[in-house]
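Report on one structure; see the data block that follows.
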Amino acid sequence: MSLDLPFDNSYGRLPERFYSRLEPTPVKEPELIALNIPLAERLGLDPDALATPDGVAALGGNLLPDGADPLAQAYAGHQFGNFVPQLGDGRALLLGEVVAPDGARFDLQLKGSGPTPYSRMGDGRAWLGPVMREYIVSEAMAALGIPTTRALAAVQTGEIVLREAPLPGAVLTRVASSHIRVGTFQFFAARDDREALEALVQHALERHQPDGETALDLLDGVIERQARLIAKWMGLGFVHGVMNTDNMTISGETIDYGPCAFIDSYHPLRVFSSIDHAGRYAYGRQPDVAMWNLAQLAMALLPLIGSSEPAQKSLDRFPDLFRSAWSEVFRSKLGLTSQSDGDDALANDLLNAMAENQADFTNTFRALGTRHARDEFVDPDAFDTWERAWRDRLAQEDTTPEDRLDALRAINPAVIPRTHRIEEAISSGVSGDLAPFHRLNKALQTPFVLSEDDSDLARAPTQDEIVPQTFCGT
Ligand code: AMP
Ligand code: MG
Numbered sequence: 057m058s059l060d061l062p063f064d065n066s067y068g069r070l071p072e073r074f075y076s077r078l079e080p081t082p083v084k085e086p087e088l089i090a091l092n093i094p095l096a097e098r099l100g101l102d103p104d105a106l107a108t109p110d111g112v113a114a115l116g117g118n119l120l121p122d123g124a125d126p127l128a129q130a131y132a133g134h135q136f137g138n139f140v141p142q143l144g145d146g147r148a149l150l151l152g153e154v155v156a157p158d159g160a161r162f163d164l165q166l167k168g169s170g171p172t173p174y175s176r177m178g179d180g181r182a183w184l185g186p187v188m189r190e191y192i193v194s195e196a197m198a199a200l201g202i203p204t205t206r207a208l209a210a211v212q213t214g215e216i217v218l219r220e221a222p223l224p225g226a227v228l229t230r231v232a233s234s235h236i237r238v239g240t241f242q243f244f245a246a247r248d249d250r251e252a253l254e255a256l257v258q259h260a261l262e263r264h265q266p267d268g269e270t271a272l273d274l275l276d277g278v279i280e281r282q283a284r285l286i287a288k289w290m291g292l293g294f295v296h297g298v299m300n301t302d303n304m305t306i307s308g309e310t311i312d313y314g315p316c317a318f319i320d321s322y323h324p325l326r327v328f329s330s331i332d333h334a335g336r337y338a339y340g341r342q343p344d345v346a347m348w349n350l351a352q353l354a355m356a357l358l359p360l361i362g363s364s365e366p367a368q369k370s371l372d373r374f375p376d377l378f379r380s381a382w383s384e385v386f387r388s389k390l391g392l393t394s395q396s397d398g399d400d401a402l403a404n405d406l407l408n409a410m411a412e413n414q415a416d417f418t419n420t421f422r423a424l425g426t427r428h429a430r431d432e433f434v435d436p437d438a439f440d441t442w443e444r445a446w447r448d449r450l451a452q453e454d455t456t457p458e459d460r461l462d463a464l465r466a467i468n469p470a471v472i473p474r475t476h477r478i479e480e481a482i483s484s485g486v487s488g489d490l491a492p493f494h495r496l497n498k499a500l501q502t503p504f505v506l507s508e509d510d511s512d513l514a515r516a517p518t519q520d521e522i523v524p525q526t527f528c529g530t
């Protein structure tokens, strides 16, 4: 076919037990609902070609672009703490890797592309809701400066998938610097397959840490990347919702936008996922869960590292790495350019006051330095008390108030994808109106600058609008 993508499929050159080779299952009538033109250009792909009938057929899984080598990746994982020795891509296929003009390598994956040997009881399909959600949130994360998988395109399939109800089917084209997960290592560790572990370590180092040489180097790199990533999530009030080890990448990118949500009214133990009954993946538990997941990675790599002592030493670095990344994030959220001993306490005091006063996470930080911040608090005096301490601290800085306000507005977003807005976009989309979806995506491309027309998107949900629970996107 005519669609020419610059494929170079390094994962497909790994041993055959790493994956199952198969083609996407065609869909009835692929129809493009979103194409990410800046991302296509970043990858060195021609957006016009992707929008042609052949391009759309490829994005729906009906046509295989030249050079693609579709395969379902094998992986294992701890789901809510229980080890499942075989998960794998049950509704996704890696089409291949494209090498961008600057040499960077990206996986192109179709999600919702039909059954694979790893589908278990699932149908291998996705419905429009989770596809829209992942498109909206992953692109918002990218615009917010958070390492993340991206969304290149979304197509409707013209088919119905059966969930609680018959729903329109869709396929997402996901872009990632790789789809290697903690669970990919666990898959081979559980099979005592040292040779495969060795090959996977080398492959992961080549892709994500070209200076690294050993399994221990890789573990250290993942620990550092995840510490930085989780600190950034915390700075946005982001709750991933399903931090299973198969949903934690080696690259340090956020992956899997199933039941995720941004906190509206702040509470440190906010949970949204309907299946997270014990709050294992609550906002404030995310650093501890990351540490637990990294310990599983260390265990999987142990045969290569040789002894537990160096692995333990690496793991023990995580809490400090996280704390310093967290301090950096929150210092900049408070407009501080210098470091001082009380800074963490100052940030925590604000968070505690926010929790006691049901303050909206995003809007409180956005309003810092303006008259409006106190309005976010049930008891505005609580904010005033904190603000006096903040002002005292700011007096030690040489920034001008104007520069500080600019800096605050460049780090504290005006708009994040609020769950009620995502749900609104999805329900409109299901009934054929994609305008709210496109409007939300557009506003989220520039989350630090909000136009007057979009000010409603920054508003916290009213009591009637609150969406208390989110659901895994199957
Ligand atoms: P997730 O909760 O998205 O991380 O998925 C966990 C596992 O379930 C992965 O192995 C998925 O591929 C698989 N899975 C989820 N939904 C489906 C589906 N509709 N069909 C087949 N497999 C699925
Ligand atoms: Mg997953």
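The working numbering numbers the first residue of the sequence shown as 57 and each following residue consecutively.
The beta carbon of each residue, even a glycine, is placed where N, CA and C say it ideally should be.
The alpha helix (DSSP H) enclosing P94, as first and last residue numbers:
93–99
Once DSSP output is grouped into helix, strand and coil, what is the label at V523?
coil
In three-state DSSP terms, what is P14?
Any property of residue 14 remains undetermined from this structure, which presents the chain solely from 57 to 530.
Are the Cβ atoms of V193 and L228 separated by less than 7 Å?
no
Could you spell out the range, first to last residue, of the beta strand (DSSP E) harbouring E262?
It is not in any beta strand (DSSP E) - E262 instead sits in the alpha helix (DSSP H) that spans 250–264.
What ranges does the beta strand (DSSP E) occupy inside the segment 178–264, keeping only unbroken runs of at least 3 residues that lie completely in it?
206–218, 222–232
G116 - containing beta strand (DSSP E), residue span
Not the beta strand (DSSP E): G116 falls in the alpha helix (DSSP H), residues 109–116.
Identity of the residues DSSP links to M304 by a beta bridge:
T310
Pick helix, strand or coil for K369, following the three-state DSSP scheme.
helix
Let me have the residue list for ligand 2: C-beta closer than 5 Å to any non-hydrogen atom, ordered along the chain.
N303, D312
I'd like to check one pair, V385 with A287: are the Cβ atoms closer than 7 Å?
yes
How long is the line joining the alpha carbons of G293 and F417, rounded to whole angstroms?
7 Å
Using a Cβ cut-off of 7 Å (strictly closer), state whether Q525 contacts chain D.
Reference to chain D is not applicable here, since this structure consists of a single protein chain.
Residue range of the alpha helix (DSSP H) that Q531 falls in?
Past the edges of the chain, shown from 57 to 530, lies residue 531, and the structure says nothing about it.
Taking only the alpha-carbon atoms, compute the straight-line gap between K167 and D437 and give it to the nearest angstrom.
49 Å
R147: CB within 6 Å of a non-hydrogen atom of ligand 1
yes
On the criterion of 16 or more Cβ atoms from any shown chain inside 10 Å, does R181 qualify as buried, or is it exposed?
buried
Going by DSSP, which residues form a beta bridge with L127?
R77, L150
By a C-beta neighbour count over all protein chains shown, 10 Å radius and 16 as the cutoff for buried, is L513 buried or exposed?
buried
Under 6 Å: does the beta carbon of C528 sit that close to some heavy atom of ligand 4?
Looking at this structure, you won't find ligand 4 anywhere; what it does contain is ligand 1 and ligand 2.
Quick check: is any heavy atom of ligand 1 less than 6 Å from the C-beta of G111?
no
Distance CB(G239)-CB(T301) smaller than 7 Å
yes
Whether G297 touches Y337 by CB criterion (7 Å):
yes
Going along the chain, which residues of its own chain have a beta-carbon closer than 7 Å to the beta-carbon of E97, five neighbours each way excluded?
P103
Taking 6 Å as the cut-off, is the C-beta of S307 nearer than that to any heavy atom in ligand 1?
no
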